[in-house]
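In the numbering used here, the protein residues as written are -9 to 254.
Inspection log for the structure reproduced underneath, given as structure tokens.
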Ligand code: NAP
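Spelled out as structure tokens, the structure:
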């Protein structure tokens, strides 16, 4: 049996790594990307190599590549790697994302930070999806039935105002529309497109605001009073990857402990 193949961006740690391990356990082979630089600005792929080794121990063939999702040449190299190594892509997971380097009030925030966050969180996934979608359309012509899916990792910031990181909120709101657009366009090829929308998840990204979120969670900001884990998000991607949601497309799957419920 040919094993399905997934491309996952930003899988060296956090949510992306958990998604990679979930998909490995479900029988996928993987192409993962990362973007590490150490504190001196030197390339450092130790975390990505460790992640790839862990994924291989889980039984999957895994190739990893340093690729900045905001750069067209890097996106092309990632897709080329999947073509050369495996000759197919059954699932794309747009996970890589960044917070602004500094939380800065909306009235002071810089254009530079806006451009970087939008480039990584929205422009990169948008054009990577375009690239992979073209390939998936080719694959669909060769195989009318094989499952083909795309998952975008969004955020509750798509609909939640945080005036100290407006650029992040805008980028994730854009991911919501990007999901609808590609779901609509690709439905004729039976390519399902989903957004998995995490709430407050314990990763490096939230490490700097851990105490603040500890307090908010204890005070009940989420009906389910706990931090989410990368595995919570990975389980939702796993449900999509195993076809449990195949009559849905353009759908948002909230993984947020009920954060999105309006309450009185
Ligand atoms: P994380 O722990 O900071 O990991 C981010 C991943 O993205 C890393 O693998 C990183 O690679 C990679 N990455 C960063 N910049 C990149 C670039 N330019 N090109 C390619 N890859 C890049 O973050 P996380 O918390 O797991 O977040 C994963 C996704 O979930 C993001 O889209 C984030 O916005 C979203 N999310 C997170 C939370 C949360 O509470 N944590 C909530 C909602 C949504 P390196 O390790 O090589 O730097």
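Here a beta-carbon is modelled for each residue, glycine too, at the ideal position from N, C-alpha and C.
### Query
Going by Cα to Cα distance, which pick from 191, 42, 47 is closest to residue 56?
The residue with the shortest Cα to Cα distance from residue 56 is 42.
### Task
Could you please give me the residues that DSSP links to residue 185 through a beta bridge?
Per DSSP, the beta bridge partners of residue 185 are 142, 242.
### Query
So what does DSSP say about residue 106, is it helix, strand or coil?
If DSSP states are grouped into helix, strand and coil, residue 106 belongs with the helices.
### Message
Tell me whether the segment 1 to 14 and the segment 216 to 227 touch, counting them as touching only if at least three CB pairs, one residue from each stretch, are closer than 8 Å.
### Response
The segment 1 to 14 vs the segment 216 to 227: in contact.
### Query
Which term fits residue 237, buried or exposed, when burial requires 16 or more other beta carbons within 10 angstroms of its beta carbon?
Exposed, by the Cβ-count rule.
### Cβ pair count under 8 Å reaching 3, the segment 123 to 141 against the segment 188 to 201
Touching, no.
### In DSSP terms, what residue 19 is bridged to
DSSP, once it has assigned bridges, lists -5 as partnering residue 19.
### Endpoints, alpha helix (DSSP H) assigned at residue 157
That run of the alpha helix (DSSP H) goes 156 to 176.
#### Entry: residue 206 - containing beta strand (DSSP E), residue span
For residue 206, no beta strand (DSSP E) run applies; the uninterrupted alpha helix (DSSP H) run containing it begins and ends at 200 to 208, by DSSP.
### Task
Identify which residue in 81, 195, 100 has its Cα closest to the Cα of residue 142.
Residue 81 holds the alpha-carbon nearest to the alpha-carbon of residue 142 among 81, 195, 100.
### Query
What is the rounded straight-line gap between the Cα of residue 250 and the Cα of residue 111?
So the alpha carbons of these two residues sit roughly 21 Å apart.
### Task
State the DSSP-derived secondary structure class of residue 83, mapped to helix, strand or coil.
In the structure shown, residue 83 sits in a strand (DSSP, three-state: E or B).
### Query
In whole angstroms, what is the alpha-carbon distance linking residue 167 and residue 230?
Here the C-alpha atom of residue 167 lies approximately 19 Å from the C-alpha atom of residue 230.
#### Entry: Any non-hydrogen atom of the ligand NAP closer than 7 Å to residue 4 Cβ
Checking every heavy atom of the ligand NAP against the Cβ of residue 4, one is found closer than 7 Å.
### Three or more C-beta pairs below 8 Å linking the segment 93 to 105 and the segment 141 to 156
Yes: at least three Cβ pairs fall under 8 Å.
### Query
Helix, strand or coil for residue 214 per DSSP?
Coil, per DSSP.
### Helix, strand or coil at residue 76 [DSSP, three-state]
DSSP places residue 76 within a helical segment (H, G or I) once states are collapsed to three.
### Message
Short of 8 Å in beta carbon distance, which residues of its chain neighbour residue 193, apart from the five on each side in sequence? Order them along the chain.
### Response
Excluding five sequence positions before and after residue 193, the CB atoms of its chain that fall closer than 8 Å to its own CB belong to 3, 4, 5, 220, given in chain order.
### Task
Throw me the rounded Cβ distance for the residue 16 and residue -2 pair, which I believe falls under 8 Å.
Rounded, the Cβ-Cβ distance is 13 Å, inconsistent with contact.
### Task
Using the Cα positions of residue 34 and residue 23, report the straight-line distance between them to the nearest angstrom.
The alpha-carbon separation between residue 34 and residue 23 amounts to approximately 13 Å.
### Task
Compare the beta carbon distance of residue 62 and residue 25 with 8 Å and say whether it is the shorter of the two.
The answer is no: Cβ separation not under 8 Å.
### Query
Any heavy atom of the ligand NAP closer than 7 Å to the Cβ of residue 25?
Set against 7 Å, the gap from the CB of residue 25 to the closest heavy atom of the ligand NAP is smaller.
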